[in-house]
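Asks: Here it is: the structure, laid out below.
Numbering (our numbering), first residue to last: 106 to 228.
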């Protein structure tokens, strides 16, 4: 039986929910579809205040996506030091940073041509 195709919008919604469940901060969605030669359609970028919170965000995202959409990441890296964890769902790549590492690499500026959506949180 073929696996049901999950839309990027569904995946983004569930990922954002997973981030919010553990109070991830500064959530941005970068739409890369109009930029040539990109590796995916969307980046979701957020930050945690410590390596413990970064790990909690990553675990929350993976559990929520697995439970809700029955999908697992194609690749995950950065879990050892939890300063910058990348979760690759092929069309959507999630970056979970600690604040100082996010500021240092400044991915939003590197992908400045992308359409950015800032997610407002109530916490």
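Every residue gets a Cβ at the ideal spot worked out from N, C-alpha and C, and that includes glycine.
(1) For residue 201 versus residue 144, is the C-beta spacing smaller than 8 angstroms?
(2) Using 8 angstroms as the threshold, is the stretch 187-207 in touch with the stretch 147-157, meaning 3 or more CB pairs across them?
(3) Kindly give me the distance between the Cβ atoms of residue 134 and residue 226, rounded to whole angstroms, as I take these residues to be in contact under 8 angstroms.
(4) Output the distance between the C-alpha atoms of residue 157 and residue 141, rounded to the nearest integer angstrom.
(5) How close, in whole Å, do the beta carbons of residue 174 and residue 111 come, if the pair is a contact with beta carbons under 8 angstroms?
(6) With distances taken between CB atoms, is the gap from residue 122 to residue 172 smaller than 8 angstroms?
(7) Leaving out five residues on either side along the sequence, give the residues of the same chain with a beta carbon under 6 angstroms from the beta carbon of residue 189.
(8) To the nearest angstrom, how far is it from the Cα of residue 153 to the Cα of residue 228?
(9) Contact check, residue 165 vs residue 126 under 8 angstroms by CB: the rounded distance?
(10) What does the Cβ neighbour count give for residue 215, buried or exposed, with the cut at 16 atoms within 10 Å?
Replies: With the structure as the only source:
(1) no
(2) yes
(3) Their Cβ separation, rounded to whole angstroms, is 13 angstroms, which puts residue 134 and residue 226 out of contact at 8 angstroms.
(4) 36 angstroms
(5) 5 angstroms
(6) no
(7) 183, 202 and 206
(8) 13 angstroms
(9) 5 angstroms
(10) exposed
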